[in-house]
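Read through the structure below, which is laid out as C-alpha coordinates, and then see the notes.
In the numbering used here, the protein residues as written are 57 to 157.
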(Lines of atoms letter the chains of each structure in order from A and count residues from 1; the text may use other names and numbers.)
(Lines give C-alpha, C1' and ligand atoms only; values in the text may rest on other atoms or scores of the structure.)
Protein backbone atom coordinates (compact mmCIF):
# COMPACT_ATOMS: atom_id res chain seq x y z
CA UNK A 1 0.00 0.00 0.00
CA UNK A 2 0.93 3.62 -0.21
CA UNK A 3 1.29 5.73 2.88
CA UNK A 4 2.44 9.01 1.36
CA UNK A 5 2.72 12.50 2.78
CA UNK A 6 2.69 15.25 0.14
CA UNK A 7 3.85 18.70 1.24
CA UNK A 8 4.62 21.98 -0.49
CA UNK A 9 7.61 23.95 0.76
CA UNK A 10 9.30 27.16 -0.29
CA UNK A 11 12.89 25.95 -0.18
CA UNK A 12 14.79 22.69 0.32
CA UNK A 13 18.41 21.70 0.31
CA UNK A 14 19.76 18.58 -1.35
CA UNK A 15 19.54 16.75 2.00
CA UNK A 16 15.76 17.25 2.17
CA UNK A 17 15.65 19.95 4.87
CA UNK A 18 12.55 22.08 4.25
CA UNK A 19 11.65 25.71 4.82
CA UNK A 20 8.01 26.81 4.52
CA UNK A 21 6.52 30.26 4.02
CA UNK A 22 3.37 31.88 5.34
CA UNK A 23 0.38 29.56 5.81
CA UNK A 24 2.31 26.54 4.52
CA UNK A 25 3.86 26.46 8.01
CA UNK A 26 0.48 25.59 9.57
CA UNK A 27 0.15 21.88 8.80
CA UNK A 28 2.96 20.86 6.44
CA UNK A 29 5.59 20.25 9.16
CA UNK A 30 3.27 17.82 10.96
CA UNK A 31 2.10 16.18 7.72
CA UNK A 32 5.72 15.64 6.60
CA UNK A 33 6.34 13.49 9.68
CA UNK A 34 3.15 11.44 9.33
CA UNK A 35 3.72 9.39 6.18
CA UNK A 36 6.03 6.47 5.54
CA UNK A 37 7.17 8.25 2.37
CA UNK A 38 7.26 12.04 2.31
CA UNK A 39 7.41 13.86 -1.01
CA UNK A 40 8.06 17.60 -0.97
CA UNK A 41 7.32 19.90 -3.89
CA UNK A 42 9.51 22.98 -3.55
CA UNK A 43 10.07 26.27 -5.32
CA UNK A 44 13.84 26.33 -4.83
CA UNK A 45 16.50 23.68 -4.24
CA UNK A 46 19.83 24.83 -2.78
CA UNK A 47 23.03 23.01 -1.94
CA UNK A 48 23.43 21.23 1.39
CA UNK A 49 24.59 23.62 4.08
CA UNK A 50 23.10 26.75 2.49
CA UNK A 51 20.06 26.80 4.76
CA UNK A 52 20.42 28.34 8.21
CA UNK A 53 19.71 25.48 10.66
CA UNK A 54 17.52 27.80 12.75
CA UNK A 55 15.25 28.37 9.73
CA UNK A 56 14.64 24.69 8.92
CA UNK A 57 11.05 23.68 9.72
CA UNK A 58 11.26 20.00 8.69
CA UNK A 59 14.55 18.12 9.01
CA UNK A 60 15.64 16.06 6.03
CA UNK A 61 15.34 12.80 8.01
CA UNK A 62 11.57 12.96 7.39
CA UNK A 63 11.79 13.72 3.64
CA UNK A 64 12.26 10.93 1.12
CA UNK A 65 11.89 12.81 -2.17
CA UNK A 66 12.23 16.45 -3.23
CA UNK A 67 10.64 17.61 -6.46
CA UNK A 68 11.22 21.11 -7.80
CA UNK A 69 7.96 22.49 -9.15
CA UNK A 70 8.06 23.81 -12.69
CA UNK A 71 5.28 26.38 -12.50
CA UNK A 72 4.91 27.43 -8.91
CA UNK A 73 2.60 30.36 -8.42
CA UNK A 74 -0.47 31.62 -6.72
CA UNK A 75 -3.13 28.92 -6.61
CA UNK A 76 -5.75 31.05 -4.94
CA UNK A 77 -7.87 33.70 -6.58
CA UNK A 78 -10.23 36.29 -5.23
CA UNK A 79 -13.87 35.45 -5.80
CA UNK A 80 -16.61 37.86 -4.87
CA UNK A 81 -20.30 37.06 -4.50
CA UNK A 82 -22.83 38.81 -6.68
CA UNK A 83 -24.64 41.79 -5.23
CA UNK A 84 -27.72 40.19 -3.61
CA UNK A 85 -29.92 43.14 -4.60
CA UNK A 86 -29.28 42.51 -8.32
CA UNK A 87 -29.06 38.75 -8.24
CA UNK A 88 -32.22 36.77 -8.92
CA UNK A 89 -32.76 33.05 -9.15
CA UNK A 90 -33.56 32.28 -12.78
CA UNK A 91 -33.27 28.63 -13.87
CA UNK A 92 -34.48 29.46 -17.39
CA UNK A 93 -31.74 31.97 -18.16
CA UNK A 94 -28.87 30.91 -15.89
CA UNK A 95 -27.41 27.42 -16.38
CA UNK A 96 -26.00 27.39 -12.83
CA UNK A 97 -29.43 28.12 -11.40
CA UNK A 98 -30.91 25.33 -13.51
CA UNK A 99 -28.44 22.88 -11.96
CA UNK A 100 -29.48 23.97 -8.47
CA UNK A 101 -33.15 23.34 -9.11
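For every residue, glycine included, the Cβ atom is placed at its ideal position computed from N, Cα and C. Since the model is a prediction, treat every value here as computed from it, not as a measurement.
Excluding the 5 residues flanking residue i on each side, which residues of the same chain have their C-beta closer than 7 Å to its C-beta?
i           : result
residue 77  : 66
residue 70  : 101, 103 and 104
residue 109 : none
I need the boundaries of the alpha helix (DSSP H) containing residue i, first residue and last residue.
i           : result
residue 153 : 151 to 156
residue 86  : 84 to 88
Kindly list the residues whose CB is nearer than 6 Å to the CB of residue i, restricted to its own chain and excluding five residues on each side of it in sequence; keep chain order.
i           : result
residue 88  : 61, 63, 94, 114 and 118
residue 127 : none
residue 40  : The requested residue 40 does not occur in the structure, where the chain is confined to residues 57 to 157.
Quick check: the Cα distance between residue i and residue j, rounded to an integer number of angstroms?
i           : j           : result
residue 148 : residue 122 : 51 Å
residue 116 : residue 79  : 20 Å
residue 137 : residue 84  : 30 Å
residue 81  : residue 74  : 10 Å
residue 144 : residue 151 : 13 Å
residue 68  : residue 98  : 7 Å
residue 120 : residue 134 : 34 Å
residue 112 : residue 124 : 17 Å
DSSP puts residue i in a beta bridge; with which residues?
i           : result
residue 135 : Answer is none; residue 135 lacks a bridge partner.
To which residues of the same chain is residue i closer than 8 Å at the C-beta, ignoring the five residues directly before and after it?
i           : result
residue 154 : 147 and 148
First and last residue of the beta strand (DSSP E) that includes residue i?
i          : result
residue 96 : 93 to 102
residue 81 : Counting along the chain, residue 81 falls outside any beta strand (DSSP E), and DSSP gives it neither H nor E.
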